[in-house]
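Colleague: What follows is a single structure, and I will ask about it in a moment.
There are 2 protein chains.
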Amino acid sequence: MKFSYVTHLHCPKCGTEYDHNQIQHLCQCGSPLLVDYDLESLKRDFAPAHLIGRSADLWRYHELLPVSDERSIVSLGEGMTPLVGMPALGAEMGIRQLYMKDEGIIPTGTFKARGAALGVSKAKELGVTELAMPTNGNAGAAWSLYAARAGIKASIVMPVEAPLITRTECAISGANLSLVNGLISDAGRIVAQAVAAHGLYDASTLKEPYRIEGKKTMGLEIAEQLGWKVPDVILYPTGGGVGLIGIYKALRELTEIGWIQDKMPRLVAVQAAGCAPIVKAWQEKKWESEFWPDSSTVAFGINVPKALGDFLVLEAVYNTHGCAIAVDDAAVLDELTHVARSEGAFICPEGAAAFAAARTLRADGWIADSDTVVVLNTGCGIKYPGTVQVEVPVLEPHDCIL
Amino acid sequence: MKFSYVTHLHCPKCGTEYDHNQIQHLCQCGSPLLVDYDLESLKRDFAPAHLIGRSADLWRYHELLPVSDERSIVSLGEGMTPLVGMPALGAEMGIRQLYMKDEGIIPTGTFKARGAALGVSKAKELGVTELAMPTNGNAGAAWSLYAARAGIKASIVMPVEAPLITRTECAISGANLSLVNGLISDAGRIVAQAVAAHGLYDASTLKEPYRIEGKKTMGLEIAEQLGWKVPDVILYPTGGGVGLIGIYKALRELTEIGWIQDKMPRLVAVQAAGCAPIVKAWQEKKWESEFWPDSSTVAFGINVPKALGDFLVLEAVYNTHGCAIAVDDAAVLDELTHVARSEGAFICPEGAAAFAAARTLRADGWIADSDTVVVLNTGCGIKYPGTVQVEVPVLEPHDCIL
Numbered sequence: 001m002k003f004s005y006v007t008h009l010h011c012p013k014c015g016t017e018y019d020h021n022q023i024q025h026l027c028q029c030g031s032p033l034l035v036d037y038d039l040e041s042l043k044r045d046f047a048p049a050h051l052i053g054r055s056a057d058l059w060r061y062h063e064l065l066p067v068s069d070e071r072s073i074v075s076l077g078e079g080m081t082p083l084v085g086m087p088a089l090g091a092e093m094g095i096r097q098l099y100m101k102d103e104g105i106i107p108t109g110t111f112k113a114r115g116a117a118l119g120v121s122k123a124k125e126l127g128v129t130e131l132a133m134p135t136n137g138n139a140g141a142a143w144s145l146y147a148a149r150a151g152i153k154a155s156i157v158m159p160v161e162a163p164l165i166t167r168t169e170c171a172i173s174g175a176n177l178s179l180v181n182g183l184i185s186d187a188g189r190i191v192a193q194a195v196a197a198h199g200l201y202d203a204s205t206l207k208e209p210y211r212i213e214g215k216k217t218m219g220l221e222i223a224e225q226l227g228w229k230v231p232d233v234i235l236y237p238t239g240g241g242v243g244l245i246g247i248y249k250a251l252r253e254l255t256e257i258g259w260i261q262d263k264m265p266r267l268v269a270v271q272a273a274g275c276a277p278i279v280k281a282w283q284e285k286k287w288e289s290e291f292w293p294d295s296s297t298v299a300f301g302i303n304v305p306k307a308l309g310d311f312l313v314l315e316a317v318y319n320t321h322g323c324a325i326a327v328d329d330a331a332v333l334d335e336l337t338h339v340a341r342s343e344g345a346f347i348c349p350e351g352a353a354a355f356a357a358a359r360t361l362r363a364d365g366w367i368a369d370s371d372t373v374v375v376l377n378t379g380c381g382i383k384y385p386g387t388v389q390v391e392v393p394v395l396e397p398h399d400c401i402l
Numbered sequence: 001m002k003f004s005y006v007t008h009l010h011c012p013k014c015g016t017e018y019d020h021n022q023i024q025h026l027c028q029c030g031s032p033l034l035v036d037y038d039l040e041s042l043k044r045d046f047a048p049a050h051l052i053g054r055s056a057d058l059w060r061y062h063e064l065l066p067v068s069d070e071r072s073i074v075s076l077g078e079g080m081t082p083l084v085g086m087p088a089l090g091a092e093m094g095i096r097q098l099y100m101k102d103e104g105i106i107p108t109g110t111f112k113a114r115g116a117a118l119g120v121s122k123a124k125e126l127g128v129t130e131l132a133m134p135t136n137g138n139a140g141a142a143w144s145l146y147a148a149r150a151g152i153k154a155s156i157v158m159p160v161e162a163p164l165i166t167r168t169e170c171a172i173s174g175a176n177l178s179l180v181n182g183l184i185s186d187a188g189r190i191v192a193q194a195v196a197a198h199g200l201y202d203a204s205t206l207k208e209p210y211r212i213e214g215k216k217t218m219g220l221e222i223a224e225q226l227g228w229k230v231p232d233v234i235l236y237p238t239g240g241g242v243g244l245i246g247i248y249k250a251l252r253e254l255t256e257i258g259w260i261q262d263k264m265p266r267l268v269a270v271q272a273a274g275c276a277p278i279v280k281a282w283q284e285k286k287w288e289s290e291f292w293p294d295s296s297t298v299a300f301g302i303n304v305p306k307a308l309g310d311f312l313v314l315e316a317v318y319n320t321h322g323c324a325i326a327v328d329d330a331a332v333l334d335e336l337t338h339v340a341r342s343e344g345a346f347i348c349p350e351g352a353a354a355f356a357a358a359r360t361l362r363a364d365g366w367i368a369d370s371d372t373v374v375v376l377n378t379g380c381g382i383k384y385p386g387t388v389q390v391e392v393p394v395l396e397p398h399d400c401i402l
């Protein structure tokens with residue numbers, strides 16, 4: 001068996017094919033590219049039993065990943081995050097089987113580590129020495145640290161309002177970090193200019209084709225952790241939407257190689273009421289979204305006014321009979337506290353948005369009590385110290401409690 | 001096979017035995033208690049092959065853990081943290097096989113989750129409804145969240161100087177949190193008073209016997225991840241020292257059941273120059289430490305002036321031909337940045353102290369270049385935003401980088 005069964009890249013819009021052994025970004029038509037594998041051979045050669053004894057990280061699926069040479073792997077042990085039962089919360093919402101896929105339990109504390117691990121490993125394999133990217137914080141932190149491990153120089157631009165700790169992560173890794181008085185779209189323009197002027201590798205979301213493959217592993221893991229079955233519903237907090245695109249791709253590939261037989265889970269794109277372009281497009285039955293002006297939400301990671309891969313997100317939602325739903329900031333903050341008190345998990349605001357959406361969809365009857373539901377928590381709460389106000393009594397050593 | 005092979009508790013000082021089906025704290029002689037298992041039966045019944053296919057968390061070792069009934073388990077998916085190769089750092093230090101056991105990749109972001117998972121699970125099994133503990137921050141955060149998951153009420157007291165984010169973790173879980181103008185020893189006195197006055201379950205370090213069993217799983221995992229071999233040296237940042245006691249206990253139990261045959265690794269207790277009671281005792285060839293006055297270090301988690309289990313730490317160091325070494329704060333901060341830049345890992349100050357110690361011990365020749373060395377990083381750097389000063393340029397949207 002080969003280490004990877006990657007064959008080429010293709011454009012989901014115009015069908016043009018590209019060589020994965022060369023650096024590629026967008027298609028000539030402007031669309032992001034997707035990675036293809038020899039699924040026919042995998043169907044014949046590859047079985048779940050091959051995974052037995054492999055390390056509990058995302059590289060256990062290397063046949064379905066785009067890195068050709070094992071020596072190119074840049075890993076900090078990312079992946080195989082816990083799929084945690086949420087019985088108390090589920091009972092309260094009226095969902096008998098409620099799970100959290102906890103992407104806070106990963107290097108750098110968010111699911112961005114998956115995209116960075118794949119993206120940096122493939123960049124290393126392709127001989128990249130300098131990359132640049134705009135970020136809402138967590139992706140830049142992850143790419144900075146993985147780039148440092150790979151010996152690749154990184155230039156990162158993020159909004160001044162991005163989570164403070166992500167500045168520290170970029171800076172301590174030795175990345176060239178800048179802040180911008182603006183949104184991620186402004187950071188994107190600055191990076192595009194630097195890429196054009198200096199020939200850097202453009203690691204912007206979906207302008208490089210491999211982070212989707214990293215995010216895809218969330219779908220592979222959910223299926224494996226449920227014993228090669230799929231849940232009825234998966235809820236995903238959607239900014240750029242790469243995770244949803246990746247999960248959909250994972251489940252299609254697993255179906256094609258014969259590892260899962262069930263129907264597809266209904267995929268739910270959860271957005272913030274203050275930034276809901278995908279939800280608006282879905283409500284209007286459109287296949288692309290429009291730029292959302294003056295976007296704002298406490299769930300900063302999903303403040304993305306126009307995603308490059310919006311059409312792929314909408315395709316995944318439509319094709320699985322899923323839906324798109326917006327949640328307001330008050331519901332996000334309520335749910336965040338509620339999940340901690342009932343289940344002991346300190347999650348991120350984006351994850352809390354997805355739990356709040358599950359609550360609403362169950363109340364509306366869109367989710368049935370018998371549905372098995374998986375909610376993606378995309379990062380750990382400890383990266384967001386400002387989301388919760390804490391007032392604590394200060395005692396002197398001779399004081400008493402209770 | 002039984003779920004757990006726990007038999008009883010015993011006192012390592014006077015030998016008195018206690019029933020693990022009853023709530024127990026210290027021995028009547030004042031010593032912490034240790035948990036015993038039926039290792040004879042395990043040697044006969046239990047083999048590494050039994051672990052195949054079990055979930056990648058610490059409960060995979062349930063036969064060697066003290067929870068009798070699977071339904072008592074309170075888990076957020078903790079354990080099986082990555083054992084990450086550190087080739088660049090190792091090459092620089094002159095250590096050919098250098099690994100980091102990364103305890104930042106775990107619920108609550110520090111290794112305290114292991115002690116909390118075991119401690120809270122066993123407390124639940126014993127019918128506990130209210131617990132109290134003093135903490136330097138991270139243990140309190142972990143116990144608060146696991147207690148919330150178990151439906152147990154928690155009262156936590158921590159120094160005002162404990163990491164800020166740990167306040168948020170305690171508060172969001174619904175724990176009864178207080179700060180004290182003082183050290184963990186002052187917090188301990190307040191908790192002892194509350195325990196005596198209100199009959200709470202005392203979850204103070206080593207006053208409950210089960211967190212050692214949680215920390216023990218670090219040793220079990222290191223051995224499994226190295227293919228049931230042990231490294232030559234393990235370095236551990238030592239405050240209360242429970243992790244070192246646990247790792248030593250793990251390796252002894254694995255030897256007794258025949259799963260490892262090698263000699264013991266040399267165990268190294270790493271402390272801060274500003275709080276080094278175990279190092280002083282080791283240098284003076286004593287078997288107990290003395291209270292370290294006016295202790296101070298940037299590695300707050302190991303600011304423990306007198307550990308209740310000091311004699312067990314020293315026993316582990318002496319019996320394995322290990323050593324104890326102190327590292328100053330400047331070396332800790334240097335190493336923290338260095339590890340991030342060379343390996344892409346943003347570690348905690350306590351972990352950085354252990355890497356700095358490895359560097360010194362290699363330079364001194366105490367570690368040989370052929371030694372396989374495992375360094376414990378006990379938490380993720382993102383819990384410590386203040387350790388690194390970051391100055392970043394702020395651009396306007398029309399500005400350029402590079």
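Chains F and D, in that order, are what the protein sequence lines are. With full-length UniProt numbering, the residue at position 360 of the first sequence is 360, and numbering never jumps. With full-length UniProt numbering, the residue at position 131 of the second sequence is 131, and numbering never jumps. Note that beta-carbon positions come from the ideal geometry of N, C-alpha and C, so glycine has one too.
The alpha helix (DSSP H) with F/T7 in it runs from where to where?
Modeller: Note, F/T7: premise wrong, no alpha helix (DSSP H); beta strand (DSSP E) at 6-10.
Colleague: For the pair the region 241-248 of chain F and the region 300-313 of chain F, tell me if three or more CB-CB distances fall below 8 Å.
Modeller: Yes, the region 241-248 of chain F touches the region 300-313 of chain F.
Colleague: Could you name the residues that DSSP lists as bridge partners for D/E130?
Modeller: Partner(s): D/K153.
Colleague: If we count the other Cβ atoms within 10 Å of its Cβ and call it buried at 16 or more, is D/T108 buried or exposed?
Modeller: Flag for D/T108 reads buried.
Colleague: If you measure from the beta carbon of D/M80 to each beta carbon in chain A, is any gap under 9 Å?
Modeller: No chain A is part of this structure, whose protein chains are labelled F and D.
Colleague: Measure the alpha-carbon distance for D/E290 versus D/R189 and round it to whole angstroms.
Modeller: Their backbone Cα atoms lie some 18 Å apart in a straight line.
Colleague: Nearest to F/I23 by alpha carbon, out of F/A123, F/D45, F/T297?
Modeller: Nearest option by C-alpha distance: F/A123.
Colleague: Is the beta carbon of F/V233 closer than 9 Å to that of residue 428 of chain F?
Modeller: The requested residue 428 of chain F is not part of the displayed model; chain F covers only 1 to 402.
Colleague: Using C-beta distances below 7 Å, list every residue in its chain close to F/I105, excluding the 5 sequence neighbours before and after it, in chain order.
Modeller: Result list for F/I105: T81, P82, in chain order.
Colleague: For the ligand FAD, I want to know if F/R341 counts as a neighbour, meaning its beta carbon is within less than 8 Å of at least one of the ligand's heavy atoms.
Modeller: This structure lacks the ligand FAD, and indeed carries no ligand of any kind.
Colleague: Kindly indicate which three-state DSSP category F/E92 falls into: helix, strand or coil?
Modeller: Residue state, collapsed to three classes: helix.
Colleague: Quick test of the definition: if touching needs 3 or more C-beta pairs under 8 Å, does the region 191-198 of chain D touch the region 159-179 of chain D?
Modeller: With a cut-off of 8 Å, the region 159-179 of chain D and the region 191-198 of chain D do not count as touching, because too few Cβ pairs lie within range.
Colleague: What does the Cβ neighbour count give for D/R359, buried or exposed, with the cut at 16 atoms within 10 Å?
Modeller: D/R359 comes out buried.
Colleague: Since F/N176 and F/S155 are thought to touch, with beta carbons under 8 Å apart, how far apart are those beta carbons, to the nearest angstrom?
Modeller: With 8 Å as the limit, F/N176 and F/S155 qualify as a contact, their Cβ atoms being about 4 Å apart.
Colleague: What did DSSP end up calling D/E40 once you bin it into helix, strand or coil?
Modeller: Looking at D/E40 - three-state DSSP - the assignment turns out to be helix.
Colleague: One question on the structure: do D/L51 and D/L33 come within less than 9 Å of each other, judged by their Cβ atoms?
Modeller: In this structure, D/L33 does not lie closer than 9 Å to D/L51 by Cβ.
Colleague: What in chain D is Cβ-close to F/P107, meaning under 9 Å?
Modeller: Within 9 Å Cβ-Cβ: P82, V84, D102, G104, I105, G344, A345, F346, C380.
Colleague: Since F/L314 is in the alpha helix (DSSP H), which residue starts that stretch and which ends it?
Modeller: Its alpha helix (DSSP H) spans residues 310-319.
Colleague: Taking beta-carbon pairs under 9 Å, can you tell me which members of the region 190-213 of chain D lie near chain F?
Modeller: Listed in sequence order: I190, V191, Q193, A194, A197, H198, L200.
Colleague: At 7 Å on the CB atoms, spell out the chain D contacts of F/K383, in chain order.
Modeller: Residues of chain D passing the Cβ test: I382.
Colleague: Leaving out five residues before and five after F/K216 in sequence, what residues of the same chain have Cβ atoms less than 6 Å from its Cβ?
Modeller: Here the set comprises G246, K249, A250.
Colleague: By alpha-carbon positions, which one of D/L26, D/L118, D/K43 ends up nearest to D/P66?
Modeller: The option with the nearest alpha carbon to D/P66 is D/L118.
Colleague: Check each candidate in D/G386, D/S31, D/P159, D/Y61 and name the one with the smallest Cα separation from D/R114.
Modeller: Checking every option, the nearest Cα to that of D/R114 belongs to D/Y61.
Colleague: Just confirm the distance between the C-beta atoms of D/P72 and D/E125, as a whole number of angstroms; I'd bet it's less than 8 Å.
Modeller: Reading the sequence as shown, one finds Ser at residue 72 of chain D and not Pro. D/S72 to D/E125, Cβ: 4 Å. Contact.
Colleague: So who's on the other strand from F/T337, going by DSSP bridges?
Modeller: Answer by DSSP bridge pairing: none, since F/T337 is not bridged.
Colleague: Would you kindly report the start and end of the unbroken beta strand (DSSP E) that includes F/M80?
Modeller: From DSSP, F/M80 is part of no beta strand (DSSP E); its letter is neither H nor E.
Colleague: Which first and last residues belong to the alpha helix (DSSP H) in which D/S121 is found?
Modeller: Its alpha helix (DSSP H) spans residues 112-125.
Colleague: Count the other CB atoms within 10 Å of the CB of F/A354; is the residue buried (16 or more) or exposed (fewer)?
Modeller: Answer is buried; the Cβ neighbour count reaches 16.
Colleague: Do you know offhand how far F/A47's Cα is from F/G322's?
Modeller: Distance between the alpha carbons of F/A47 and F/G322 is about 29 Å.
Colleague: Can you list, in chain order, the residues of its chain with a C-beta nearer than 8 Å to that of F/A150? Leave out the 5 residues immediately preceding and following it.
Modeller: The residues are V74, V120, S121, A123, K124.
Colleague: To which residues of the same chain is F/N181 closer than 7 Å at the C-beta, ignoring the five residues directly before and after it?
Modeller: Counting only Cβ-Cβ distances below 7 Å, and skipping sequence neighbours, we find V160.
Colleague: Mind checking which residues open and close the alpha helix (DSSP H) that includes F/D186?
Modeller: 184-198 is the span of the alpha helix (DSSP H), which, as asked, contains F/D186.
Colleague: Out of D/R96, D/G94, D/I212, D/V394, point me to the one whose CA is closest to D/G241's CA.
Modeller: Comparing Cα positions, the closest option is D/I212.
Colleague: What are the boundary residues of the beta strand (DSSP E) that includes F/I106?
Modeller: Element bounds for F/I106: n/a, residue is neither H nor E.
Colleague: If you measure from the beta carbon of F/A340 to each beta carbon in chain D, is any gap under 9 Å?
Modeller: Yes, because at least one Cβ of chain D sits closer than 9 Å to the Cβ of F/A340.
Colleague: For a minimum of 3 consecutive residues, which ranges assigned as the beta strand (DSSP E) are wholly contained in the region 326-391 of chain F?
Modeller: If we require 3 residues or more, the beta strand (DSSP E) runs fully inside the region 326-391 of chain F come out as 372-377.
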